[in-house]
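*Asks:* Dropping a structure here in C-alpha cells format, bear with me for questions.
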Amino acid sequence: MFDRFEFKTWRRELNAESAADGAPSAAAEPAAAAPTPTRAKVERHYETILTATQLDAWLARMQAAALTCLDTETTSLDPMQARLVGMSFSVEAGHAAYLPLAHVYAGAPEQLALDAVLAKLKPWLEDPARPKLGQNLKYDMHILANHGIALAGVAHDTLLQSYVVESHKPHDMDTMAERHLGVKTITYAEVCGKGAGQICFDQVSIERATEYAAEDADITLQLHQALYPQVESDAKLARIYGEIEMPVMPVLHEMERNGVLLDGALLDAQSRELGAKMMDLEAAAHKQADQPFNLNSPKQIQEILFGKLAIKPVKKTPSGSPSTDEDALAQLALDHPLPKLLLEYRGIAKLKSTYTDKLPRMVDPRTGRVHTNYAQAVAITGRLASNDPNLQNIPVRTAEGRRIREAFIAPPGSHLVSADYSQVELRIMAHISKDASLLKAFAAGEDIHRATAAEIFSLDPTAVDGEQRRYAKVINFGLIYGMSVYGLSSQLGIERAAAQQYMDRYFARYPGVADYMRETREKAREQGYVETVFGRRLWLPEIRSSNGARRQGAERAAINAPMQGTAADLIKLAMVAVQRWLATDRLQSMLIMQVHDELVLEVPDAEIDLVKTRLPELMAGVAELAVPLVVDVGVGPNWEKAH
DNA sequence: TAAGTCACG
DNA sequence: ACGTACGTGACTTAT
C-alpha cells in the first residue's frame, strides 16, 4: 500500500497522543469496544508471478473466489499521475501473490508484459460480479483508471471498516495490523527509505517487493476478517458502512477524476495585483516601525509591537507569548497605525500564497483541470476533508477573497450549479432535541436568527433590529459548537455577566435544547461516544480525562459531533443519490465539488433546468427529519456567480 | 517538526 | 484557578 493520506492521519494522531495527559485514553471506552484477539500466527505462503502459467492459475482462483483482496504498487504519490509497478492478490489468509510489472532496476528479471497482463485481467477487474476488497480502494481505482481500467465489484474496504468502527483511531495498515492482528508489518519506509533518500518502488528488488506487497494483500484480507464482523455486529454501523461509506467512495473517485476547470490567467492577474499591494503595505509598515522586518514572521512582529513600540499585548498564544492574530491586531489597531497595516498585509499574503499563486500550479497538464483528493477517513465526525489542493476552504467571506471563486469556471456551453443545505446543523439540533419552539420556527419557515432574537429579547419578530439578529446568530452558532459563557462573551465583545444572561434566556426559551446539551454530555461520559441520527459512532477519548480543560473540550466536541456528523451523513447520502441519478438518466452533468453542506456540479446548458429542479429535491429528500430540509440552488458561469 | 496564523463549513 | 467555542488543510517562519 502506498498512500500518503493515511500517513497524514497517522502522523496527526501520533502528535495528539504525545500531547495527551497521563489519563489513559482507553478509559473512556468500554472493554468490549477494542478486544485484542489472541490469534495463532498465520503461516505465510507468498509467491511471485513471473510466468503466464502462474498468472492463469491465480486468475482462476480469483474468478472462483467469494472475495479477492487486491493492492497496487505504483510510481507516485499523486493518484492522478501514478503508474502501475505491480499488483498483489490474496484470496485466503496467509496466501498471497505479487505480480511485478514494471520493476526497472539493473538486473531486474524479465516480467510479464504490463499491457498483456492488464488486457487479461481487465474482464475480471471490471466485472461487478467478482467481489474485491482492499485498503483504500479509491486510490487503486485511480491507478487502474490511469491504465484505462474501471474497477468494478468494489465490495469491501478495510480503511472504511476501521473508520466506521473507530473513527478516532489510526487507519493505516501497519497500525491496524498491530492493533487487530498483533502482527508487525513491513513498512513502506523500510522498503523504499524516506526523505531525500527514498527510492521509487520500481527500483525495489522483486524479492523484497514480493515480501512487502504480498504481505499487504494478505494482511488486508486478515484485517477484513477481523474488522467486518465488528461492523456487521451492530445494525447501525452496518448501515453507515454499507449504505453510506462504501457507496460514496466510488462517487468521490469520480469527483476527483472529474476535477474542476480553473481560469489560470485570471488567477495570474490577481497574483500580480496582490503582489503590488503587498509591496506598498510592506513599505508603509517598515516606515511605521522605522526599520525593516519580515511581515510574515509572527516572532518579528511581536518584537516590533511589544518590544520596540512597547504596545501592551491584549492576548496570548497557547504557548504564552503575546499573540499577533487577527483578533489581537484588530484590538491594537484601535490605538495604533501599524497593526492595521499588518492585518491588511496578512489578508493579502494569504490570498496570494495559498490561492492565486498555488492553484494554477495544481492544474493537471493532461486534463487542464484541478483534481483534489477527498480524504474519507480523516475527520472523526464523519465529514470529508479535501487536500492537494484543499477545495473546501476557498475564500468566500470577504469581497476580495470571493474574487478567487471567479476563477472556478465552467467550460463554454456549461455552467456551474451550486446547491447547499440551509441551516442544516441547526435543523439537526431541532430534530434531535425536539425542542418545541425550534421545531415550530423551522416548520413555519421563519428566519431562524430573527426568531431566536425575538425569543431572547421578548420581541415580536418584526421588531427585531439588525444588532439583535446578529447577537442571535452568534448564539445559534455558539450552540452548535457547545459554547461556554466565556466563548460567547469574547465572540460578542461583551461582559461575561451579560453573556451569561443571554445564555440563560436562550435556555429558558428553548428548554429542549438545554436538555439535549445535558443529555449529550451524560451519554458521552457513560459510553465514551455519541451518535449521529443515522447511528454513526463518534468517539471522545478524552471525555473522562482528569485534565479539566481537556475534558471540557471533549464535552464541547460531544455536543457538536452529532450535528456535524449527521450533516455529513446527509450530504453523503445525497451524493450517492445524485450520482445514481446522473448515471441512470445518462446525463452529462458532473459532480465536481463537495464543501460540507454544498454540492457543485458542472452542467451542460441543455441540462440546467432539469438539474436546478431535481438536484435540490434529491438533496432535501434523503431523509425525513422532524423539520424540513431546505436546499438553496444557484447557477452561474463561475463558482462566485453560482453561489 | 512545531508553532502561529488563517482560509472554509 | 484556568482557559475556552466544533471540525478541517496549508502556508510561513524558526528550530
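According to the working numbering, the first sequence holds residues 669 to 1311 in order.
Built from N, CA and C at the ideal position, the CB exists for glycine as well.
From a predicted model like this one, the values you see are computed outputs, not experimental measurements.
1. Within this structure, are the beta carbons of G1150 and I1227 separated by less than 7 Å?
2. Between which residues of its own chain and K1008 is the CB-CB distance below 6 Å, once the five residues before and five after are set aside?
3. Once DSSP output is grouped into helix, strand and coil, what is the label at A1217?
4. So does the segment 1095-1109 actually touch the segment 1184-1198, counting three or more Cβ pairs closer than 8 Å?
5. Kindly indicate which three-state DSSP category I979 falls into: helix, strand or coil?
6. Here's the rule I'm using: 16 or more other beta-carbon atoms within 10 Å means buried, otherwise exposed. How should A700 be labelled?
7. Helix, strand or coil for K1191? Go by DSSP, reduced to three states.
8. Apart from the five residues just before and just after A695, which ones in its own chain have a Cβ nearer than 6 Å to its Cβ?
9. First and last residue of the alpha helix (DSSP H) that includes M914?
10. Candidates Q956, V1085, D931 and P966: which alpha carbon is nearest K1026's?
11. Can you give the Cα-Cα distance for Y1154 and A733, rounded to whole angstroms?
12. Distance check for K1191 and A691, CA to CA, integer angstroms please.
13. Determine whether the beta carbon atoms of I887 and A845 lie at a separation below 7 Å.
14. Leaving out five residues before and five after P1272 in sequence, what residues of the same chain have Cβ atoms less than 8 Å from its Cβ?
15. Report the option in A764, G975 and H810 whose CA atom is closest to the CA atom of A882.
16. If you measure between the beta carbons of H1117 and M748, is that distance less than 7 Å?
17. Would you report the Cα separation of G1302 and L1267, rounded to the nearest angstrom?
18. Using alpha carbons as the reference points, say which of Q1220, V1290, R1248 and T1130 lies closest to F1202.
19. Write down every uninterrupted run of the beta strand (DSSP E) in the segment 822-852 whose length is 3 residues or greater and which is fully enclosed by it, in chain order.
20. By alpha-carbon positions, which one of I1143, G1015, D1115 and K1141 ends up nearest to T1130?
21. Tell me, to the nearest whole angstrom, how far the beta carbon of L1052 is from that of L1006; I am working on the premise that it is less than 8 Å.
22. Quick check: the Cα distance between S693 and S989, rounded to an integer number of angstroms?
23. Can you check DSSP and say which residues form a bridge with K1332?
24. Between E1308 and R1029, is the Cβ-Cβ spacing less than 7 Å?
25. Going along the chain, which unbroken runs of the beta strand (DSSP E) with 3 or more residues stay wholly within the segment 1214-1254?
26. Determine whether the beta carbon atoms of H848 and L891 lie at a separation below 7 Å.
27. Using DSSP bridges, identify the partner residues of S1374.
28. Under 7 Å between the Cβ atoms of A1235 and V1046?
29. Report buried or exposed for L1278, applying the criterion of at least 16 other Cβ atoms within 10 angstroms of its Cβ.
30. Straight-line CA distance for V1246 to H815?
31. Work out the CA separation of L977 and Y1042 for me, nearest whole Å.
32. On a CA-only basis, which of V859, G863 and A864 is nearest D870? Give me that one, please.
33. Touch check for the segment 814-831 and the segment 908-924: three-plus C-beta pairs under 8 Å?
34. Going by C-alpha to C-alpha distance, which of L819, R1282, D842 and G821 sits closest to S830?
35. Where do the ends of the alpha helix (DSSP H) carrying L812 lie?
36. Within a Cβ cutoff of 6 Å, which residues of the same chain sit near A1288, ignoring the five residues on either side of it in sequence?
*Replies:* Looking at the atomic coordinates:
1. Along the first sequence, one-based indexing puts residue 1150 at 482. Along the first sequence, one-based indexing puts residue 1227 at 559. Yes, they are a contact pair.
2. Along the first sequence, read from residue 1 onward, the residue named residue 1008 stands at position 340. Taken in chain order, the residues that qualify are A1001.
3. As a position in the first sequence, residue 1217 is number 549, starting the count at 1. Helix.
4. yes
5. Counting from 1 along the first sequence, the entry for residue 979 is found at position 311. Here I979 sits in coil by DSSP.
6. Counted from its first residue, the first sequence places residue 700 at position 32. Because A700 carries a pLDDT of 38, less than 50, the predicted location of this residue cannot be relied on, and the following value inherits that uncertainty. So A700 ends up on the exposed side.
7. The count along the first sequence starts at 1 and reaches residue 1191 at position 523. Correct three-state label for K1191: helix.
8. As a first step, residue 695 must be located in the first sequence, where it is residue number 27. Caution is warranted here: a pLDDT of 35 is assigned to A695, below 50, making its placement in the model unreliable, and no coordinate value can be reported.
9. For the purposes of this step, residue 914 is taken as residue 246 along the first sequence, with counting starting at 1. Segment M914 to N926, the alpha helix (DSSP H) holding M914.
10. Indexing the first sequence from 1 puts residue 1026 at position 358. K1026 has its Cα closest to that of D931, out of Q956, V1085, D931 and P966.
11. To locate residue 1154, count along the first sequence from 1; it is residue 486. To locate residue 733, count along the first sequence from 1; it is residue 65. Taking the straight line joining both Cα atoms gives about 60 Å.
12. Reading the first sequence from its first residue, position 23 is the one you call residue 691. Reading the first sequence from its first residue, position 523 is the one you call residue 1191. Summary for A691: the model assigns pLDDT 32, below 50, so the residue's position carries little reliability; its value from the coordinates is reported in the next sentence. When rounded, the distance between both Cα atoms is 20 Å.
13. Working through the first sequence from its first residue, we reach residue 887 at position 219. Working through the first sequence from its first residue, we reach residue 845 at position 177. Yes, these two residues count as a Cβ contact at 7 Å.
14. As a working note, residue 1272 is residue 604 in the first sequence. These residues qualify, in order along the chain: G1081, S1082, Q1256 and S1257.
15. For the purposes of this step, residue 882 is taken as residue 214 along the first sequence, with counting starting at 1. Selected option, being the one with the closest Cα: A764.
16. Numbered from 1 along the first sequence, position 449 holds the residue referred to as residue 1117. Numbered from 1 along the first sequence, position 80 holds the residue referred to as residue 748. It is not a contact, given that the beta carbons lie outside the stated cut-off.
17. Position 634 of the first sequence, counted from the start, is the residue given in the question as residue 1302. Position 599 of the first sequence, counted from the start, is the residue given in the question as residue 1267. C-alpha separation (whole angstroms): 11 Å.
18. Along the first sequence, read from residue 1 onward, the residue named residue 1202 stands at position 534. It is V1290 whose Cα lies nearest to the Cα of F1202.
19. 822-825
20. In the first sequence, the residue the question calls residue 1130 occupies position 462. Residue D1115 is the option with its Cα nearest to T1130.
21. Here residue 1052 is taken as the residue at index 384 of the first sequence, counted from 1. Here residue 1006 is taken as the residue at index 338 of the first sequence, counted from 1. Actually they do not touch by this definition, with Cβ atoms about 40 Å apart.
22. The residue you call residue 693 lines up with position 25 of the first sequence. The residue you call residue 989 lines up with position 321 of the first sequence. Annotation note: pLDDT 38 at S693 (below 50); position unreliable, coordinate value reported separately. When rounded, the distance between both Cα atoms is 29 Å.
23. Absent from the model: residue 1332. The displayed extent of the chain is 669 to 1311, so no value can be given.
24. The residue given as residue 1308 occupies position 640 in the first sequence. The residue given as residue 1029 occupies position 361 in the first sequence. Result no, Cβ atoms of E1308 and R1029 do not sit closer than 7 Å.
25. none
26. Within the first sequence, residue 848 is the residue found at index 180, counting from 1. Within the first sequence, residue 891 is the residue found at index 223, counting from 1. Taking 7 Å as the Cβ cut-off, H848 and L891 qualify as a contacting pair.
27. Here the chain covers residues 669 to 1311 and nothing more, so residue 1374 does not appear.
28. For this step, residue 1235 is matched to residue 567 along the first sequence. For this step, residue 1046 is matched to residue 378 along the first sequence. Not a contact, by the Cβ cut-off of 7 Å.
29. As a first step, residue 1278 is located in the first sequence; it is residue number 610 there, counting from the start. L1278 comes out exposed.
30. Within the first sequence, residue 1246 is the residue found at index 578, counting from 1. Within the first sequence, residue 815 is the residue found at index 147, counting from 1. Going by the C-alpha atoms only, they are around 27 Å apart.
31. Indexing the first sequence from 1 puts residue 1042 at position 374. Indexing the first sequence from 1 puts residue 977 at position 309. Taking the straight line joining both Cα atoms gives about 46 Å.
32. By 1-based counting over the first sequence, the position of residue 870 is 202. Of V859, G863 and A864, the residue nearest in Cα terms is V859.
33. yes
34. On the first sequence, position 162 is the one that residue 830 refers to. Among L819, R1282, D842 and G821, the Cα nearest to that of S830 belongs to D842.
35. If you number the first sequence from 1, residue 812 lands on position 144. Per DSSP, L812 belongs to the alpha helix (DSSP H) from L805 to N814.
36. Numbered from 1 along the first sequence, position 620 holds the residue referred to as residue 1288. So the list reads L1297 and V1299, once near-sequence residues are dropped.
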